[in-house]
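Numbering (our numbering), first residue to last: 110 to 443. Note that CB positions come from ideal geometry on N, CA and C, so glycine has one too. Please read these numbers as outputs of a predicted model, since none were measured by experiment. Below: the structure, in structure tokens.
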């Protein structure tokens, strides 16, 4: 009978792992981050549309006051999806019984004339418009801002485009940023320095800089980072020319990221035609990088596995995610 050498085969059940990282939606909770909901251009004045968000649904409407409001989607009367409603002035009217809600989610009147019950409320998300995107924060009080580029917005040309969905939580995509191994191995970026040692951590962000050589041979000087759990930030000098790039990720349902691409160039870099051509180039460049990640993540079953010394920044990021605050204040409204 053959002898099994267990010291060679090892015991796979003994594989060392860190503490489990909560998935988005685990125990009904989600990270308290800014998430993009939709493009601003999708919501002209007088329009209401519905979107999946977290483990529920929201409506976004814009009244005659020009403000885009993000509210829980279901009328508290009998549960009608308010996407089928109508914008009246700066309020939203349910299609079924014509109960009307203001931008704060308060029922202001009923068509039949009965006084609105105190419980006739929609959940009002803290929201804002920035870079051509409508964003919502999962929480009562945002504790960080959506980042700006290093130049005033009125000095920039900004292009925002919708990109594909990806079957992982947004923070899994964001884990690429502190994953120094993957920057070198998958994207074939050659560092012209040691691994970054200027990494700055806060309760809601990670950022660092590095210099290197792009795959096409161009020198790059990068400042990159993650804000919250759903936004990748990049400020780059590429072959002597600056551009900005932000990849925010929505969460239309647990386990799915909805990607957007925000590109920026300086107005003084050339003629309008030259700037558009440059943004075309940057978009192609960044789509190429993102597609390399998505091709892998489309079939990835993420797990917190065995790490090496080169993964020390990634390991710290996993601790950042484990400790990140979670909530779901809109749960009772879904």
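Quick check on the burial criterion: 16 or more other C-beta atoms within 10 angstroms. Buried or exposed for residue 111?
With a pLDDT of only 45 at residue 111, under the threshold of 50, the placement of this residue in the model should not be trusted, and no figure is reported.
So, under 8 Å CB-CB, residue 363 and residue 173 are touching, yes? Tell me the CB distance rounded to an integer number of Å.
Not confirmed; about 36 Å, so no contact.
According to the neighbour-count rule (16 or more other Cβ atoms, all chains shown, within 10 Å of its Cβ), is residue 441 buried or exposed?
exposed
Beta-carbon within less than 7 Å of residue 338's beta-carbon, same chain only, minus the 5 sequence neighbours each way: which residues are those?
140, 142, 279, 280, 283, 430 and 433
Beta-carbon within less than 6 Å of residue 205's beta-carbon, same chain only, minus the 5 sequence neighbours each way: which residues are those?
189
What is the DSSP secondary structure of residue 184, counted as helix, strand or coil?
coil
Going along the chain, which residues of its own chain have a beta-carbon closer than 6 Å to the beta-carbon of residue 270, five neighbours each way excluded?
370
Could you pull the DSSP bridge partners for residue 370 from this structure?
270
Own chain residues within Cβ distance below 7 Å of residue 259, not counting five before or after
344
Out of 336, 423 and 319, point me to the one whose CA is closest to residue 328's CA.
319
Since residue 335 sits in a beta bridge, which residues does DSSP pair it with?
315 and 341
Using three-state DSSP, classify residue 354 as helix, strand or coil.
strand
Answer with buried or exposed for residue 378, where buried requires no fewer than 16 other C-beta atoms within 10 angstroms of its C-beta.
exposed
Report yes if the CB atom of residue 391 is closer than 8 Å to the CB atom of residue 372, and no otherwise.
yes
Taking 8 Å as the cut-off, decide whether the C-beta atoms of residue 236 and residue 154 are in contact.
no
For a quick check, are the C-beta atoms of residue 335 and residue 322 less than 8 Å apart?
no
Suppose contacts are defined by Cβ-Cβ distances below 8 Å. Is residue 290 in contact with residue 424 by that definition?
no
Going by the beta-carbon positions, is the gap between residue 443 and residue 136 smaller than 8 Å?
no
Put residue 222 into one of helix, strand or coil per three-state DSSP.
coil
Can you tell me the Cβ-Cβ gap for residue 180 and residue 232, rounded? I've got them flagged as a contact below 8 Å.
7 Å
Ends of the beta strand (DSSP E) at residue 148?
143-148
Could you tell me which residues DSSP pairs with residue 251 in its beta bridges?
BP columns for residue 251 are empty, so no partner.
For residue 299, does the count of other Cβ atoms within 10 angstroms reach 16, so buried, or fall short, so exposed?
exposed
Write down the C-beta distance between residue 58 and residue 149 rounded to the nearest angstrom, noting that I regard them as a contact closer than 8 Å.
This structure cannot speak to residue 58, because the chain is shown only from 110 to 443.
Assuming the contact rule is C-beta atoms closer than 8 Å, residue 333 and residue 286 should be a hit. Round their C-beta distance to whole Å, please.
6 Å
Using alpha carbons as the reference points, say which of 171, 352 and 412 lies closest to residue 386.
352
How about residue 130 and residue 426: are their beta carbons less than 8 Å apart?
no
Secondary structure of residue 361, DSSP reduced to three states
strand
Where residue 412 falls, given that 16 or more other Cβ within 10 Å makes a residue buried
exposed
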